[in-house]
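K.L.:
I am attaching a structure below and will ask some questions about it afterwards.
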Amino acid sequence: MTVRRLASGGRIDRATPVRFQLEGRTLSGFQGDTLASALLANDVRIVGRSFKYHRPRGVLAASAQEPNALLTVGAGDRRTPNLPATLVDLFEGLVCERQNGWPSVERDVGSLLGLFSPLISAGFYYKTFMGPTRGAWMFYERWIRRTAGLGKATHRPDPSRYETEHRHTDVLIIGAGPAGMAAALAAGRAGSRVLLVEQEALVGGSLLHGAVGSADDRCGFGLLEQLAVLPTVELLTRTTAFGVYDGQTVGLVSRIPGAFGGSAEPPYARETLHVVRAQQIIYATGALEQPLVFGNNDLPGILLAGAVREYLHRFALRLGERVVVLSQHDSAWDTALDLAEAGAAVTVVDARDRVSDDLLARAAKRSVTVRLGAVPVTAHGSRAVRGVTVVALADHRTEYFACDLVAMSGGWTPTVQLTTHTGVKAVYDPALRVHVPGPLPANQQVVGAARGIVRNPLAEGHTAGERAARDCGYDGAVGVAADAHWADVPLMAAGVPRAPSVQGKAFVDFQSDVTVADIDLSLEDGFESPEHLKRYTALGMATDQGKNSHHNGLQLLAERRAKDVGSLGTTTHRPPYTPVTVGALAGRAVGLHFRPTRRTPMHDWHQENGATFIEAGPWLRPWYYRWAGADVASAYVNEMRLVRSAVGLSDVSSLGKIELTGPDVGLFLDRVYVNGFSSLAVGKARYGVMLNDDGTVLDDGTTARFGTHRYFMTTTTAQAGEVMSWLEFLLQTAWPDLRVQVVSVTDRWAAMSIAGPKSREVLAQALPQLDVSGGALPHMGVLEAEWNGHPIRVARLSFSGELAYEVYVPADHGIAMWTHLLDVGAPVGIRPYGLEALASLRIEKGHVAGIELDHRNTLADLGLGKMASRTKAYVGRELSQRSELVAADRWSLVGLELLEPSGTLRGGAILFADGEPMVGHGRGYITSVTWSTVHERLIALGLYQGGLAHVGEVVVCAYPLRGEQVKARIVSPMFIDPAGERLHA
Amino acid sequence: MLRIPCPHCGVRDYTEFRYAGDATKVRPTHGTDDVRAWHDHVFLFDNPKGAHREYWQHVQGCRQWLVLERDTATNTVGRAWLAREGAAS
Amino acid sequence: MSEISRYSAWSLARRAWSGARWRRAWRAAEPRPSYDVIIIGGGGHGLATAYYLAANHGITNVAVLERGYLGSGNVGRNTTLVRSNYLLPGNTEFFEHSLKLWEGLSHELNYNVMLSQRGQLVLAHGPGQMDVLARKGNTMRLNGIGAELLERADVQKLVPFLDYSSHCRFPIYGGLYQARAGTVRHDAVAWGYARGADHLGVDLIENCEVTGFLRDGDRVTGVQTSRGVIHAGRTAVCVAGHSSHMARMLGWRLPIESHLLQAFVTEPIKPFLDHVISFGAELFYVSQSDRGGMVFGGHIDGFNSYTQRGQLPKVQTVAECAVALIPGMSRLRVLRHWGGIQDMTPDGSPFIGRTPFQNLYLNAGWCYQGFKATPATGWCLAHTIAHDEEHPLIRHLGVDRFERGNGHDEYGLGLWTYKQ
């Protein structure tokens with residue numbers, strides 16, 4: 001290629017030169033160049049090495065379909081591999097490198113692989129690498145992985161920012177070529193909200209292929225000007241519609257100029273994901289030019305004809321001096337004539353026997369050599385094309401043309417991918433010889449070249465836009481379509497044969513290095529359907545997702561199998577249309593914003609007073625406090641001691657809270673809980689357990705009765721949402737006749753537990769207006785009151801086995817009550833305690849919690865069998881009686897005490913009977929462990945086969961992950977106060 | 001994405017809802033001790049490829065349970081109505 | 001012209017430089033009027049079953065009926081992970097048997113399935129979760145299966161580029177590591193078993209859709225298909241997401257809901273991740289294929305679907321997990337995402353074995369784990385068909401187990417979760 005930047009023309013800003021770096025070399029281009037055009041302008045011919053054979057490759061196209069010019073742009077934490085240089089806007093300071101060559105792309109050792117190509121044809125890795133030993137593949141894999149892949153990515157976190165926008169629009173138009181713009185104009189004039197998106201930086205589509213100032217160019221500008229005055233039309237450029245999803249939802253990604261790295265990247269979002277819900281979709285996605293398949297068709301200097309023309313008119317680059325145009329479509333003649341106009345010596349070789357007299361005349365005027373009825377056999381050259389051999393189809397005579405540029409056109413295929421994403425398969429049109437969109441639903445239309453034939457895109461677009469707007473209810477005046485009629489131009493020529501034989505590798509898929517020989521090999525092996533062919537050879541599976549190979553691959557397959565293309569079916573197109581940055585899909589949900597954080601009302605106090613937090617689902621809860629110790633292991637024990645000896649205060653706000661009101665609440669609770677609640681007296685609370693329909697435990701909690709028709713339920717933190725939805729489900733779908741209202745009030749109330757022998761005196765002093773004496777507020781009693789003008793609730797409940805109360809205050813006043821209790825209790829030593837101590841206290845009490853409520857356990861497993869009513873039905877009762885759920889040898893709740901003081905107990909240890917071989921699944925496992933301040937030893941809860949029938953027996957706790965085994969004794973899980981004296985103090 | 005026509009809140013993204021499967025299953029009367037009936041209700045599904053009536057709860061909206069008509073083979077969404085009005089509406 | 005049947009480096013060379021040609025991987029067989037065994041479903045499980053019927057039991061008068069092309073279902077679209085880190089009795093043994101079969105499979109089939117035992121790390125983000133993993137790891141070790149419990153520092157040494165910063169929403173606490181777990185090339189498995197079965201005489205019949213069953217009372221005697229009626233001594237159903245569809249033809253309801261699972265692959269890059277990693281804060285798993293793309297996936301979309309395409313919000317959710325787990329994945333680009341039909345069961349464990357119908361066997365309900373089970377399923381189902389009795393390794397997986405109890409809730413998720 002001898003590339004020349006022409007003195008004038010192009011859509012570049014010659015007044016603004018731009019410097020960039022390629023592998024450390026400083027080069028320059030202009031504002032308006034893409035990285036691809038800038039590389040071409042700087043005579044960079046080899047832009048990468050192919051995937052398998054490491055053949056030198058040059059730029060093929062000018063747009064998103066580019067398969068070869070994939071570069072790594074950016075450095076350090078902005079390093080981004082595999083970017084198509086045709087989509088990267090050149091910007092000052094851009095840093096880039098080419099990929100897949102070692103030590104360099106210019107001189108790549110990997111090219112030696114070409115010598116082995118007969119051995120490494122399609123699917124070869126299935127047939128070898130199996131020996132000599134069983135693990136052999138892992139040995140070969142190490143090397144194969146290094147040659148696979150294209151660019152090298154960085155592990156460093158991404159410093160860029162990405163945004164997500166949610167949009168609703170009436171009419172979404174994908175593609176701002178002539179058809180798309182005409183549609184937007186009509187729909188906008190009718191008054192509808194229009195979103196017009198274009199993946200390139202410039203609008204115009206095929207109108208950009210002509211010279212600046214040409215009729216096409218002026219037409220494009222005209223449309224743009226008219227669109228700009230319509231208030232309801234929004235245009236997004238550099239925006240790719242990557243996927244169409246159910247419900248008329250379309251995913252778009254917008255990129256800013258300079259989106260690809262470097263310090264030029266601004267602090268706002270590098271890319272924005274738009275989730276668009278559209279009433280109407282119009283696909284104006286145009287068509288993609290296809291390569292021709294002939295020997296060595298992958299040499300640098302062989303480009304698509306349309307791309308050559310775009311480089312000429314958009315970037316003022318004449319890519320060669322002696323050009324061969326390989327054609328089977330009139331559009332390639334435009335390239336030939338424009339190149340000749342720009343001073344190149346041009347030869348057109350067209351596979352068709354006849355072309356229009358007008359084309360021949362124009363060719364003659366520009367001294368373009370013409371050969372009709374001839375097709376290429378092979379291209380010549382090693383690192384760049386230097387000539388092409390063609391063969392005349394009539395007499396099989398060959399002819400050689402020296403050249404430094406080949407512009408090839410295998411016709412055009414409509415860009416149908418988006419139309420197929422929601423399950424409408426593309427249909428092969430034998431008259432047009434391309435796959436066109438299938439029958440779309442009424443709220444989706446296709447216009448322009450995307451239909452398979454170019455008739456009158458402006459009129460088509462206009463009609464479609466008007467109809468789309470009308471279907472949304474807008475009937476404003478839309479005027480008339482601009483008058484511009486293209487002759488009916490099919491995208492694909494009729495009956496164009498191939499050369500009878502080729503020399504050299506004839507590539508069908510450039511990116512996966514799939515040749516015609518590979519297709520033959522696939523058929524030889526019996527992989528005949530398009531899907532099998534694709535998977536076996538990897539045809540269409542690389543980053544261009546078949547845009548440059550799918551059509552030719554199907555044609556070849558059909559020829560080889562002597563079948564119609566239409567009868568073969570096609571492979572499924574999947575989103576995204578072009579690759580989408582993972583970070584753009586993640587948007588702002590990164591780092592600490594990955595998922596929402598729920599904080600209790602007292603969170604800030606904990607933060608300022610030495611709490612270390614731990615996640616409990618989405619919640620942050622205080623784990624332990626600094627006053628008690630430097631780490632959790634030391635702190636929780638001190639916190640426990642305080643509670644057992646004096647008084648402590650803990651934040652239990654994350655528990656679910658549900659308000660139930662209505663005449664039938666008691667009846668409802670009787671159905672939902674295994675025990676009875678309609679009989680609960682006003683002013684009392686009761687511990688309840690509810691089952692799933694299948695008889696396993698769903699949740700436990702305490703429900704209090706504040707009024708005849710008013711109950712207040714608490715649930716575990718983890719199951720709050722589940723239980724709420726479950727109650728609503730039952731009320732609305734199963735028992736709509738019950739007069740019950742349920743409201744979630746989890747976030748309405750701050751909740752704290754004051755626990756310990758001194759808790760009553762602190763509470764009494766803090767709330768002097770209340771009578772919290774033993775008589776007035778007995779164990780499991782509840783009362784409502786006021787404090788500083790706010791409603792509060794107090795319940796005498798204990799999770800820990802100590803005298804304890806739960807205090808509920810409106811959330812906004814949580815900190816006020818919290819600090820009040822701490823102030824009042826200071827003389828008796830009150831301090832806050834965290835989740836670890838809370839959990840440990842309940843372990844001593846033998847109270848089950850989240851780790852035991854794992855959806856597999858029954859009531860009886862958890863030692864709660866006696867809770868279940870024998871007189872009333874409850875949810876889950878019937879299925880809880882299934883034979884395996886009541887079997888005697890089930891694993892049920894036990895306590896364990898450590899017998900070897902030098903050892904330790906751990907959650908997750910597997911239990912065996914003392915003396916039996918320690919193999920298999922054991923007889924149980926430890927669920928929770930704590931230091932017992934009461935017994936001054938390690939204790940645990942666990943599940944053991946046969947449960948409490950084995951009290952007194954010795955078991956072995958096996959923990960092979962740490963090489964440990966220790967002996968423990970099975971005891972009752974109620975380690976403290978089995979008679980409940982502390983509770984009833 | 002699936003867009004569900006909540007009778008109270010209008011057409012909303014399915015991500016605002018929680019799914020609970022086949023709405024045509026009739027829950028045995030509370031207290032029925034027919035274990036077979038409970039087993040079949042809880043564990044067996046028609047699971048049709050095609051027309052489906054299913055429960056969705058508008059968790060991030062009105063919190064009502066709805067019955068939605070949807071074709072599981074095409075994701076075409078039909079009508080939705082409040083579950084308390086009955087699954088056979 | 002001679003045909004090369006056996007694969008090796010030597011035969012590759014022979015093909016390259018002599019006139020010999022490869023023998024077809026499998027014949028395009030025409031259906032015969034009857035077979036001893038018909039297997040409905042030409043995916044990984046069906047093909048493996050056919051292979052082991054022939055190889056282990058000498059039963060070769062077998063047909064596999066596939067309505068599309070072989071391997072077009074879940075075997076061709078999964079995230080390729082294999083492992084045997086299972087907790088519950090029955091599951092531990094079954095999946096370990098499968099892993100052992102994986103380890104010998106390339107040799108057995110003379111087809112490179114590209115088993116890469118690169119190790120799987122399951123992360124824990126808190127002490128409670130760590131205990132849950134420990135229980136599983138201890139169980140594995142006590143069953144002779146290697147496992148290691150890693151503290152946070154160990155995880156950081158193994159995979160230094162996860163998020164260990166203070167900006168991490170769910171800090172890594174530790175993890176469970178199975179060194180023998182890894183990945184396999186999914187297409188190779190289907191094709192390897194197909195070729196193996198075909199070369200042993202099994203007929204593989206593509207583009208043949210079963211439209212009904214032939215019955216003699218409660219005995220199934222064959223099938224009606226788009227290519228005619230075929231009689232069978234015994235019939236097995238291995239159709240994954242379409243199991244309910246098949247069962248309906250017999251008036252039979254299954255404990256299965258068909259859901260949508262999406263999977264993703266990025267553009268190919270040079271080696272970036274050497275292990276399989278499972279996130280612990282949400283369901284998400286990632287590995288790198290030998291071609292270089294990062295392969296990953298997450299939770300099911302959450303509602304019954306046969307569409308084989310997923311919703312966009314789930315794409316976002318999965319991308320969020322990717323960046324949360326491996327911040328460096330942010331600048332990589334998703335090349336392709338696709339969906340499949342996943343047959344979900346009330347306890348997350350599958351059904352293999354006999355059915356209420358004589359001479360009919362069911363293999364279904366594999367939820368997330370069908371691919372890794374492929375060899376053991378084939379092995380055990382072949383045995384079950386040959387003996388009309390369940391192989392010992394699958395006795396806990398009866399389709400009727402919910403009549404007796406809750407069976408096998410491997411992850412303790414309970415009934416509701418898979419509906420979300």
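Protein chains in written order, with my numbering: chain V, 1 to 985; chain Z, 1 to 89; chain H, 1 to 420. Note that CB positions come from ideal geometry on N, CA and C, so glycine has one too. These numbers come from a predicted model, not from an experiment.
1) Residues in the stretch 299 to 333 of chain H with C-beta within 7 Å of chain V's C-beta atoms, listed in sequence order?
2) Report buried or exposed for residue 389/H, applying the criterion of at least 16 other Cβ atoms within 10 angstroms of its Cβ.
3) What does residue 29/Z touch in chain H if you count any residue whose Cβ is under 9 Å from its own?
4) Once the 5 residues before and after residue 419/H are set aside, which same chain residues still bring their CB inside 6 Å of it?
5) For the stretch 617 to 635 of chain V, enumerate the residues whose C-beta is nearer than 7 Å to any C-beta of chain H, in chain order.
6) Can you grab the Cα-Cα spacing for the pair residue 643/V / residue 756/V, in whole Å?
7) Touching or not, the stretch 583 to 603 of chain V and the stretch 746 to 754 of chain V, by the rule of three or more beta carbon pairs under 8 Å?
8) Distance check for residue 575/V and residue 336/H, CA to CA, integer angstroms please.
9) Mapping the DSSP letters down to three states, classify residue 380/H as helix, strand or coil.
10) Starting from residue 256/H, find everything on chain Z with Cβ-Cβ shorter than 7 Å and list it in chain order.
11) Whole alpha helix (DSSP H) runs in the stretch 547 to 601 of chain V with 4 or more residues, listed along the chain?
12) Comparing the C-beta of residue 671/V with each C-beta of chain Z, is any distance below 7 Å?
13) I'd like to confirm the pairing. Which residues does DSSP put opposite residue 28/V in its beta bridges?
14) Within 7 Å (strictly less), CB to CB, does residue 244/H reach chain Z?
15) Are the stretch 539 to 548 of chain V and the stretch 393 to 408 of chain V touching, with three or more C-beta to C-beta distances below 8 Å?
16) Any idea if residue 79/Z is buried or exposed, counting beta-carbon neighbours within 10 angstroms, 16 or more meaning buried?
17) If you reduce the DSSP assignment to three classes, tell me which class residue 167/V lands in.
18) Ordered along the chain, which non-local residues of its own chain (more than five positions away) have a Cβ less than 7 Å from that of residue 417/H?
19) Check the Cβ of residue 74/H against every Cβ in chain V and list those closer than 9 Å, keeping chain order.
20) Nearest CA to the CA of residue 385/H: which residue from 157/H, 345/H, 359/H?
21) To the nearest angstrom, how far is it from the Cα of residue 10/H to the Cα of residue 326/V?
22) Going straight from the alpha carbon of residue 166/V to that of residue 36/V, what length do you get?
23) Assuming contact is defined by CB atoms lying nearer than 7 Å, are residue 103/H and residue 145/H in contact in what I supplied?
24) DSSP three-state label for residue 109/V, please.
25) Mapping DSSP to helix, strand and coil, what is residue 418/H?
26) Give the single residue among 128/H, 68/H, 213/H whose Cα lies nearest to the Cα of residue 175/H.
27) When you compare each of 947/V, 775/V, 93/V to residue 19/V by their alpha carbons, which one comes out closest?
28) Specify whether the stretch 122 to 142 of chain V and the stretch 53 to 64 of chain V touch according to this definition: at least 3 beta carbon pairs, one from each stretch, less than 8 Å apart.
29) When the cut-off is 7 Å and only beta carbons count, does residue 55/Z lie next to chain H?
30) Helix or strand or just coil, what does DSSP make of residue 291/H?
31) Of the choices 679/V, 242/V, 191/V, 77/V, whose alpha-carbon is the least far from that of residue 573/V?
32) Of the residues that make up the stretch 763 to 795 of chain V, which ones have a beta carbon closer than 7 Å to any beta carbon in chain H?
33) In whole angstroms, what separates the C-alpha of residue 263/H from that of residue 163/V?
34) Near residue 611/V, which residues of its chain fall below 6 Å by C-beta distance, leaving aside the five closest residues on each side in sequence?
35) Can you tell me where the alpha helix (DSSP H) with residue 521/V in it begins and where it stops?
36) Note down, in chain order, every chain V residue with its Cβ under 8 Å from the Cβ of residue 74/Z.
P.N.:
According to the data block:
1) Look at the stretch 299 to 333 of chain H: the residues with a C-beta under 7 Å from a C-beta of chain V are 307, 309, 311, 312, 315, 316, 319, 320, 322, 323, 324, 327, 328, 329, 330, 331, 332, 333.
2) Exposed, since its Cβ has fewer than 16 Cβ neighbours within 10 Å.
3) Listed along chain H is no residue with a C-beta nearer than 9 Å to that of residue 29/Z; the closest approach is about 20 Å.
4) With a pLDDT of 47 at residue 419/H, under the threshold of 50, the modelled position of this residue cannot be trusted; read the value that follows with caution. Here the set comprises nothing.
5) For chain H, none of the residues of the stretch 617 to 635 of chain V brings a beta carbon within less than 7 Å of one of its beta carbons.
6) Going by the C-alpha atoms only, they are around 5 Å apart.
7) Judged by Cβ distances under 8 Å, the stretch 583 to 603 of chain V makes contact with the stretch 746 to 754 of chain V, as three or more pairs qualify.
8) If I take the Cα positions, the gap works out to 6 Å.
9) In the structure shown, residue 380/H sits in a helix (DSSP, three-state: H, G or I).
10) From the beta-carbon of residue 256/H, the residues of chain Z found nearer than 7 Å are 45, 47.
11) List check, alpha helix (DSSP H) in window: 550 to 561, 565 to 568, 582 to 586.
12) With 7 Å as the cut-off, residue 671/V counts as an interface residue toward chain Z.
13) Note: residue 28/V sits in a beta bridge opposite 19/V.
14) Yes - at least one Cβ of chain Z is within 7 Å of the one on residue 244/H.
15) No, the stretch 539 to 548 of chain V is not in contact with the stretch 393 to 408 of chain V.
16) That one is exposed.
17) The DSSP-derived three-state label of residue 167/V is strand.
18) Low confidence applies to residue 417/H: its pLDDT is 48, below 50, so where it sits in the model is not reliable enough to give any reading.
19) Within 9 Å Cβ-Cβ: nothing; residue 74/H doesn't reach chain V, min ~14 Å.
20) The residue with the shortest Cα to Cα distance from residue 385/H is 359/H.
21) Those two C-alpha atoms are separated by around 41 Å.
22) Between the alpha carbons of residue 166/V and residue 36/V lies a gap of roughly 33 Å.
23) Contact: no.
24) Residue state, collapsed to three classes: helix.
25) The predicted model places residue 418/H with a pLDDT of 47, which falls under 50 and marks its position as unreliable; any figure quoted below should be read in that light. In this structure, residue 418/H counts as helix in the three-state DSSP scheme.
26) Minimum Cα distance to residue 175/H is reached at 128/H.
27) For residue 19/V, the closest alpha carbon among the candidates 947/V, 775/V, 93/V is that of 93/V.
28) No, because fewer than three Cβ pairs between the stretch 122 to 142 of chain V and the stretch 53 to 64 of chain V fall closer than 8 Å, the two stretches do not touch.
29) So, not an interface residue.
30) Coil.
31) For residue 573/V, the nearest C-alpha among the options comes from 242/V.
32) Cβ contacts with chain H: none found.
33) Between the C-alpha atoms of residue 263/H and residue 163/V there is a straight-line separation of about 23 Å.
34) Apart from sequence neighbours up to five positions away, the residues of its chain that approach residue 611/V with a beta-carbon distance below 6 Å are 622, 625, ordered along the chain.
35) Bounds of the alpha helix (DSSP H) holding residue 521/V are 516 to 524.
36) Close partners of residue 74/Z in chain V (Cβ separation under 8 Å): 423.
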